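Below: the structure, in structure tokens.
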Amino acid sequence: METVKLDYIRKAPKLSAFLTSLPAIFRDRWRLVALVFATLVLIPVLVVISSFFHPEKEVWQHLYQHVLGDLLLNTLWLVLGVGASTLLLGVSLGWLTAVCQFPGRRILSWALLLPIAIPAYVTAFVFIGLLDFTGPLQGWLREAFGSSDWFPRIRSTGGVILVMSLALYPYVYLLARNAFATQGKRALEAAQALGHSRTSGFFRVALPMARPWIVGGLMLALMETLADFGTVSVFNYDTFTTAIYKTWFGMFSLDAASQLASLLVIIVFVLLILEQVSRSRMRYTQAGRHQETGRIQLKGVAAWAATLFAVIVVSVAFIVPLVQLLIWAANVFAEDFDSRYLGFLQHTLMLAGIAAVITAVGALLLSYAARRNNDSLTRTCVRIATIGYALPGTVLAVGVFVAIAWLDRTLLQLLQPIMQIEAGMLLQGSLLIMLVAYMARFMAVGFNPVDSAMQRLPLSLDDVSRTLGVGSLTMLRRVHAPILRGGMVTALILVFVDVMKEMPITLMTRPFGWDTLAVRIFEMTSEGEWERAALPAVTLVLVGLLPIIFLSRHGNLNE
Amino acid sequence: MNNNALLELRNISQSYGDLRVVQDLSLQLAKGQIGCLLGPSGCGKTTVLRLIAGFERLSAGEIRLSGTPVATPDFSLPTEKRRVGMVFQDYALFPHLTVFENVAFGLHQIEKSLRGPRVMELLEVVGLAEAAKKYPHELSGGQQQRVAVARALAPSPDLLLLDEPFSNLDSDLRERLSQEIREVLKSQNATAILVTHDQHEAFAMADEIGVMHQGMIQQWDTAYNLYHKPNSRFVADFVGKGVLLSGEVVERGRVMTDLGGLYGELPDTVRVGQTVDILLRPDDIVHDDASKLQATIMHKAFQGADILYTLKLESGQQVLSLVPSHHNHKLGEKIGIRLEIDHVIAFRRT
Amino acid sequence: MFSRILSALLLSVFTISAAHAADEVVVYSARAEQLIKPMFDAFTKETGVPVKFITDKEGPLMERLRAEGKNTPADLLLTVDAGNLWQAANAGLLKPVQSKVLDANIPAHLKDPDNQWFGLSIRARTIVYNTKKLEPADLSTYEDLASPKWKGKLCLRTSKKVYNQSLVAMMIAEKGEAETEKIVNGWVNNLATDVFPDDTKLMEAIAVGQCDVGIVNTYYYGRLIEKKPDLPLALFWPNQKNSGVHVNVSGAGVVKHSKNEKGAVQLLEWFSSENGQRMFADLNMEYPANPAYKPDPVVAGWGEFKHNLINVAKAGELQATAVRLMDRARYK
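Protein chains in written order, with the numbering used here: chain A, 1 to 559; chain B, 1001 to 1350; chain C, 2001 to 2332.
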């Protein structure tokens, strides 16, 4: 190896001089990987942020006077509410299913993941349909008791928080469960041997030790909350996203809209940095080795209460919306279902599949780079590379599209004299642009589970492998990949399901004829035809269930 | 029964399904004593420890701490109320807390102002006062071990449980640290029970040792007696090196072997004319150039001050001999040996 | 191994690229697929000209056109609401079209003064009421809904929907900003409940008595009544004594960098012809833009009414002003 390299450099003295003249930070291969991924995500983000070169003073004055205050407050409530309730649901259910034993635990432990397959806006629509003044429940109440005025308003801050939490808790649940499962009972026993009760041990040891995983899940849930447009629209709840769209579509100022979006990015970035700083020198490789010490047996009322709790969550977050969707879909099935659905399905699966693979591999390389180089540049790159999840999908889609269109124009100008191709599109209208956009958007979703798994890999393992003469890539394949398998499977499936549900990027960047199930949902909902949207939605949910069930069997759930 | 015992196990049993892991086991430990359960892996010793700690439910019997029952098949006092401390095999230090915070973790019931001094006192004892602000991952294995001990001792538990506490350390550190920890425990007048598969660890730490096999204690005794007066073939084999040499009982109290006749107390059940196995430790066979008895060197292991020779007798039986290392002989060479045995340990052939 | 997989992947990613056939018309549409595909199919059948299309929201479609610039494959931009069409023309994404057929078929107030876009169907935004609670005599104008007598009885859809932005923009064009702001304030004060995300939900609320009256697009009413004919709902045509019912259009314009302008104009002209108008309007229970053709009998059954004749382009011009006005009035 070494001699080959030297030979090469001797033959190409200029190149070697060039390489050594590069700033030191670019010379490390892995840091370069981190930089490349960060750049891919950064380009669309930069397009968005570049809007600051076009100050929209007048629009901002208006926003400042009449809009900003409300929407900041609304966004704050939403983030606090969704944050608190996804934590409560995700952590408690994660702990119960990972460490305790109660009736139905096995089935519930994967059933609790299922809500992830249902797009949040669908849950929102179903809940409003059922629980609003015009819905069957309140209708029945009025018939039976004459009034339903006491019934809490579903179209309210509480309602939005409820629906979003039910749709997003699985992120926290999945990662928390994973952390608790690998932690095992050992840390808790250590706390008990030091005179702490189980409850105290949970809060003082088990919970803090699972912190990076829980925070990882929480960050995903909150970024999705901030970026969400569909759910808040159904509730007509004004947040940053709705203001962004209103400024864009209503006031025709994409620049001001982008500036609002940049503000959102900055908020998220600050949050991420704060979390990182607060962790400082702490490490989270588990206390002691994982040992099969059995589960905490819940007895009597406690056991059944646990079962009931989990069953209620699964029912409300998954079964109720699914049943409603099935009823609607059955009504329109005969009319709407045709052979094109096979095509929608095929496109959906193919896009989600390829995007999941690229994103998971990207996340792996990125996480690996972060592990090898723990310097601030690499860390910042990683942060940037995962920020796309916090941007509203359409804004990111525009960012990607503008960047690619520019590249296309430049390439065409260069190539036209040589190759005599007529004006047209190179990258635009190809799948590449879609896949890059998906990756930019969902990198965070893939990165979190992979990086969590990576945290469990002791660095000494690398040293061992290197002493055995194994290079970086081989090491990744032979040593790390088997250990990271669980995290990778989780990443693949989360990204897969998320891409399936994704709407704005798919809409904007799909090639002609590449309609997916999500596009179908859009066509129907854009005309307010929610019942007809149920058919593609239900197909989407059912297809999404398959990988989730797979995850529960082969992912790191069953550790 | 001795009611002054700090720890008392009365006929305890533990099964997982059909598998009986601990069978009808009893032991007592007086205050200030360091006891040890020694045995190969899978003998049930760790289960005994976890039963004492209260991590597992008892199938039969009773566990008493300071005379009070803490566990029966129907009742189990929660771990945190038993006043036991535990040092885990993998230390189980909390990675999100500093050394100081780890040691202070069990001090939540004492007054706040007293916690700091108590933590520092223990860190002084284990020699890690400097490392108070470090995180566990910044310490070496031996240092982590000492933090784990300090943490377990901090709340002054009535009983300290140590689960293979040195198994993750290299042998040199293991011996030094077990001596150190013993001194720490003795200085705190702590009562402790140690579980290990390593006899050197047991010998270095414990006052009394129980050798466990198949869920039962084979022999509860001092280290000296376990080595020199094992009561079963298993103990003889498991504790220390040695071979069993067959011989014939020629008269009451006299056995004839390939190495000559031996006198000693024999088990009551042994009759004249029967064949018995005599336990021979390497130090029972002394190298003596003058001896007429010759044996061929089959194998040698250099151990610094001594060399351990494996010797073949003319009859084909093999014995071990520990010889000062300046007697350096070659493989295949014949050397003179003689028996120098204080008390004969004989087991009847079954 | 790895590189082989990679190259296979890259190949599959790149090969699915768009090739622009010479005679086909490429449409970017903000009108949903189920409303346009049958028309394209009919057009292709009649003329032999193939149509390729992609659907999305107006905003991204326009951004897409802007980013693609000269390289765009699109020939025609099809969208709902004059506000969006005005915005596309204003951003220089469309080009003027000279066509005698279009001039003859589309009335002046339903198209761009510079012929950059043409309204192809009319959508009326009118008043809907609960027939158990109100008589037509109780109702008169949009402005009247701001009067205190409707306190707690009015339901509105969100101001984020372009239909309401256009409605308010047209009121500004007619009455000026100050007057309009008073009216919008009055509406907000009269709201019975939080504004709704869509017209259908709003009508359902009126039907069960959460409120008495609201403002909706007629085709939503048509769709709902088709499914649930028993609902106690009826349409009312306001402002018949003065300016007329607020109308908007669904329309299209030829893309500035179109490679097939001839085909695009041909498609536009076909839309304005009898078959095109029928399908354009009837597929979604709208009114034909070409006055020569009557609407679908069901739609015609709702009665004839006087249109507001101000050019719908005003809706675009004043849309941003309308949005700000509604923000000030805290109309969510």
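Beta carbons are placed, not taken as given, at the ideal position from N, Cα and C, and that holds for glycine. Note that this is a predicted model, so its numbers are computed, not measured.
So within the segment 1023-1079 of chain B, which uninterrupted alpha helix (DSSP H) runs reach at least 4 residues, ignoring any that extend past its ends?
1045-1053
My output table needs one value for A:F270: the three-state DSSP class, helix, strand or coil.
The sequence given here places Val at residue 270 of chain A; Phe does not occur at that position. Of the three classes helix, strand and coil, the one that applies to A:V270 here is helix, per DSSP.
Please report the straight-line C-alpha distance between C:E2143 and C:N2239, rounded to a whole angstrom.
Inter-residue distance for C:E2143 and C:N2239 is about 9 Å (C-alpha atoms, whole angstroms).
B:I1193 lies in the beta strand (DSSP E); which residues open and close that run?
T1191 to T1196
C:T2055 - partner residues in DSSP beta bridges:
Answer by DSSP bridge pairing, in chain order: C:S2029.
Is the CB-CB distance between B:G1304 and B:S1321 below 9 Å?
no
In whole angstroms, give me the CA-to-CA distance for C:K2201 and A:L166.
23 Å
For a contact meaning CB atoms closer than 8 Å, what does C:K2052 contact in chain A?
F512 and G513
Using a Cβ-Cβ distance cut-off of 9 Å, determine whether A:H196 contacts chain B.
Yes, A:H196 counts as interfacial toward chain B.
What is the residue span of the alpha helix (DSSP H) that C:W2270 lies within?
E2261 to S2272
Proximity winner among C:L2154, C:A2173 and C:D2114, relative to C:N2185 (alpha-carbon distances):
C:L2154
What does a CB cutoff of less than 8 Å around B:K1292 pick up in its chain, not counting 5 residues either side in sequence?
G1336
Residues of chain B with CB under 9 Å from A:A334, in chain order?
Here the premise fails: no neighbours, minimum Cβ distance about 56 Å.
When we look at the beta-carbon of B:D1284 and count the other beta-carbons within 10 Å, is it buried (16 or more) or exposed?
buried
Quick one: is C:L2318 buried, meaning 16 or more other Cβ sit within 10 Å of its Cβ, or exposed?
buried
3 or more residues per run - each beta strand (DSSP E) lying fully within the segment 190-264 of chain A:
none
For A:Y173, list the residues DSSP reports as bridge partners.
When beta bridges are read from the DSSP output, A:Y173 appears opposite no residue.
Between C:W2302 and the rest of its own chain, which residues show a CB-CB distance below 7 Å, the 5 nearest in sequence each way excluded?
T2218 and L2235
Name the residue from A:G139, A:S92 and A:M251 whose alpha carbon lies nearest to the alpha carbon of A:H62.
A:M251
Between C:K2029 and C:L2078, how many whole angstroms is the CB-CB distance? I'm expecting something under 8 Å.
Sequence inspection shows Ser at residue 2029 of chain C; the Lys mentioned does not correspond to that position. For a cut-off of 8 Å, the C-beta gap from C:S2029 to C:L2078 is around 4 Å, short enough to register as a contact.
Measure from the C-beta of B:F1105 to each C-beta in chain A and report whether the shortest distance is under 9 Å.
yes
Going by beta carbon distance, what residues of the same chain come within less than 7 Å of B:R1174, once the five residues before and after it are set aside?
F1166 and E1201
Can you look up B:V1250 in the DSSP assignment and give me helix, strand or coil?
strand
Residues within the segment 59-80 of chain A neighbouring chain C, beta-carbon criterion of under 7 Å
Sequence-ordered contacts of the segment 59-80 of chain A with chain C read H62, H66 and V67 [C-beta pairs closer than 7 Å].
Shorter than 9 Å from the beta carbon of C:Y2163 to some beta carbon of chain A?
no
Candidates A:S452, A:F240 and A:Q101: which alpha carbon is nearest A:G294's?
Closest option to A:G294, Cα to Cα, is A:Q101.
Could you tell me which residues DSSP pairs with C:C2155 in its beta bridges?
DSSP output for C:C2155 lists C:G2214 as bridge partner(s).
Counting along the chain, where does the beta strand (DSSP E) carrying A:F133 start and finish?
Where A:F133 is concerned, there is no enclosing beta strand (DSSP E), given that its DSSP letter is neither H nor E.
Suppose you measure from the CA of B:L1007 to the CA of B:D1221; what does that come to, to the nearest Å?
Rounded to whole angstroms, B:L1007 and B:D1221 show a C-alpha spacing of 16 Å.
In three-state terms, what does DSSP make of A:Y438?
helix
So, with DSSP's three-state summary, where would you put C:K2228?
coil
Since C:L2309 and C:G2244 should fall inside the 8 Å C-beta cutoff, what is the C-beta to C-beta distance between them, to a whole number of angstroms?
7 Å
I'd like to know whether the C-beta of A:R211 is nearer than 9 Å to at least one C-beta of chain B.
yes
List the residues of chain B whose Cβ lies closer than 7 Å to the Cβ of A:P208, in chain order.
H1096
I'd like to check one pair, B:H1343 with B:G1264: are the Cβ atoms closer than 9 Å?
Pairing B:G1264 with B:H1343 gives a Cβ-Cβ distance under 9 Å.
Can you give, in chain order, each stretch of the alpha helix (DSSP H) that sits fully within the segment 2057-2104 of chain C and has at least 4 residues?
2058-2068 and 2082-2090
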